[in-house]
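Residue numbering for the sequence shown is 1 to 316, as defined by UniProt numbering. Please read the structure below before turning to the comments.
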Amino acid sequence: MKTFAWLLKREYWEHRGGFLWTPVWISVAILILTLMGIVTTEVFRVQGHVQMGISLDRIHADMSESDIVGAGQALDYAQLVLTAIPAIALFFVLFFYLLGALYDDRRDRSVLFWKSLPISDTATVLSKTVTAMLVAPLIALAVATAGYLALLALITLWTALHGVNALPVIAAAHPLGMAWRLLLTVPVDALWALPCIGWLLFWSSSVRSKPFLWAVLVPVVAITLNAWFGAMGLPHIDGSTMAANAGGRLLLGIAPGAAWHAQGLGRGIPGDDAMQQLAPSHVLGTLATPELWIGVLVGAALIGGAIWFRRWRDDS
1 MKTFAWLLKR
11 EYWEHRGGFL
21 WTPVWISVAI
31 LILTLMGIVT
41 TEVFRVQGHV
51 QMGISLDRIH
61 ADMSESDIVG
71 AGQALDYAQL
81 VLTAIPAIAL
91 FFVLFFYLLG
101 ALYDDRRDRS
111 VLFWKSLPIS
121 DTATVLSKTV
131 TAMLVAPLIA
141 LAVATAGYLA
151 LLALITLWTA
161 LHGVNALPVI
171 AAAHPLGMAW
181 RLLLTVPVDA
191 LWALPCIGWL
201 LFWSSSVRSK
211 PFLWAVLVPV
221 VAITLNAWFG
231 AMGLPHIDGS
241 TMAANAGGRL
251 LLGIAPGAAW
261 HAQGLGRGIP
271 GDDAMQQLAP
281 SHVLGTLATP
291 ELWIGVLVGA
301 ALIGGAIWFR
311 RWRDDS
């Protein structure tokens, strides 16, 4: 267990630029852009002699309880969107991390050093799997949540300077509740992403060069040939099914909310109530779908193949 924890720390320290600093700088950029917007608004207010201050009595007079609830729901949805931005960047980070996870140290021969240590190939591959499944997404979620709370504090301070009490609206939102519900999506998305993780690790450990081309071209060629078979009247798999699995699961499975989108969670829920869309019954309901567990088996087989190639591959 200590060895595996050390391997996870190694993955973090070697790739903290992508896992930590990418979401940090994205969140900082959002805060800076928001601050620039506030400064610009203040400059225009002063230069144009526009009165923006609103008294607390005016707020209570103009906003009904339903308006405050609606504003709180809008903040929940904004938290979902702002959390998705670093997650989208994380998709690209993880995609290329997995492609190079077992290939780069073979290319620079550092694999000889790692194999000289009392660490099994299974532990090495699984540490990279767990890093992509859980460690990196949890870091991105924590950073995005902290950035959103800082954004709320900035907006609250700005509105307070104009005599507006934003606390009733913020109290109607659910920043911590949203963070908890987003946290529930991490293990579900991790299981859903296992075929993609296994696919990328498999090519990272098996090919002598250009794992990106192999990982991408094989599904693309398979989808193209399947479509051609269908056009020729030959036996083939349904095109949408083929694209969703060969393309969606193998190449885009680590995209943020992939399981949420594929299972249609949240559809049919009126309005933009993000709390209802991310209700635990909806998120965890994916665990009862056969598509998820079939994908887990496929991903486990691919990871097993990656371990085998890691153990026996000789590029000397």
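Using N, Cα and C, we set each Cβ at its ideal position, and we do this for glycine too.
Which listed residue (the options) has its alpha carbon closest to that of residue i
| i | options | result |
| --- | --- | --- |
| residue 299 | 306, 4, 233 and 198 | 198 |
| residue 186 | 258, 10, 3 and 225 | 258 |
| residue 193 | 244, 65, 209 and 18 | 244 |
| residue 200 | 313, 103, 36 and 227 | 103 |
| residue 98 | 126, 32 and 110 | 126 |
| residue 202 | 95, 231 and 162 | 95 |
| residue 306 | 100, 27 and 235 | 100 |
| residue 138 | 215, 189, 242 and 25 | 189 |
| residue 13 | 230, 38 and 136 | 136 |
| residue 118 | 251, 157 and 3 | 3 |
| residue 240 | 227, 231, 232 and 251 | 227 |
Cutoff 7 angstroms; reference residue i; Cβ partners in own chain excluding five residues on either side
| i | result |
| --- | --- |
| residue 1 | none |
| residue 91 | 254, 255 and 256 |
| residue 191 | 292 and 296 |
| residue 172 | 68, 69, 71 and 72 |
| residue 249 | 195, 196 and 295 |
Where the alpha helix (DSSP H) containing residue i begins and where it ends
| i | result |
| --- | --- |
| residue 86 | 65 to 101 |
| residue 311 | 290 to 312 |
| residue 280 | 280 to 283 |
Own chain partners of residue i with C-beta closer than 6 angstroms, once the 5 adjacent residues on each side are dropped
| i | result |
| --- | --- |
| residue 213 | none |
| residue 178 | 76 and 79 |
| residue 6 | none |
| residue 302 | 198, 199 and 202 |
Simplified DSSP assignment, three categories, for residue i
| i | result |
| --- | --- |
| residue 117 | coil |
| residue 275 | helix |
| residue 37 | helix |
| residue 163 | coil |
| residue 235 | coil |
| residue 104 | helix |
| residue 1 | coil |
| residue 32 | helix |
| residue 253 | coil |
| residue 27 | helix |
| residue 109 | coil |
| residue 57 | Bear in mind that a pLDDT of 44 at residue 57, under 50, signals an unreliable position, so the number given afterwards is only what the model happens to contain. Correct three-state label for residue 57: helix. |
Beta-carbon contacts of residue i that lie in its chain and below 8 angstroms, excluding the five residues immediately before and after
| i | result |
| --- | --- |
| residue 247 | 219, 220 and 223 |
| residue 267 | The pLDDT assigned to residue 267 is 47, lower than 50, so where the model puts this residue is not dependable, and the model offers no usable value. |
| residue 310 | 102, 121, 124, 125 and 205 |
| residue 280 | 181 and 184 |
| residue 275 | 73, 76, 174, 177, 178 and 181 |
| residue 143 | 20, 23, 24, 27 and 86 |
Only counting runs of 4 or more residues, tell me where the alpha helix (DSSP H) segments fall wholly within the stretch 156 to 214, in order along the chain. Whole alpha helix (DSSP H) segments, 4+ residues: 167 to 172, 175 to 192 and 194 to 206.
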